[in-house]
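Participant: Before I ask anything, let me first share the structure, which is written out below as structure tokens.
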């Protein structure tokens, strides 16, 4: 595996995002690049130093993975009222948005969810890196890109 200095928080965000932008990992610098709709993919406008394999597309988690993460979280909670409300949210229309909205009614459960989500996203990010033959040398913070 090739070690690479990566901003793990941005990688986690890219895996978790549900907006319209696409994210790419620069395999030379370790930076996570966000590309908005209508913008060219990284390296597409290079004239002289074209490196097709320099940028690796980061595919965000699928809806099923987001739901599974929340369902697994519910098994760690012992508040029967919160469990019932949140389980119902996951079974309804727009389950992710409803789950997040209903969490606001349970501040302690919300804090537990944020901690749980952070750990799970780090695990997803580490797995994604390994699946792509990479490992984080150490985490870094890069200046905002695009």
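Numbering (the working numbering), first residue to last: 1380 to 1525.
Glycine included, each C-beta is placed from N, C-alpha and C at the ideal position.
Only a predicted model underlies this, so the values are computations on that prediction, with no experimental measurement involved.
(1) Starting from the C-beta of residue 1511, find all residues in its chain whose C-beta is less than 7 Å away, skip the five residues before and the five after it, and write them out in chain order.
(2) When DSSP labels each residue in this structure, what does residue 1514 get in the three-state scheme?
(3) Rounded to whole angstroms, what's the CA-CA distance from residue 1447 to residue 1469? Just pull it up for me.
(4) Just how far apart, CA to CA, sit residue 1384 and residue 1515?
(5) What residue range does the beta strand (DSSP E) around residue 1476 cover?
(6) In this structure, does DSSP put residue 1486 in helix, strand or coil?
Facilitator: Looking at the coordinates:
(1) 1435
(2) Residue 1514: strand per DSSP, three-state reduction.
(3) 10 Å
(4) 6 Å
(5) Run containing residue 1476: none in the beta strand (DSSP E); it sits in the alpha helix (DSSP H), 1474-1482.
(6) helix
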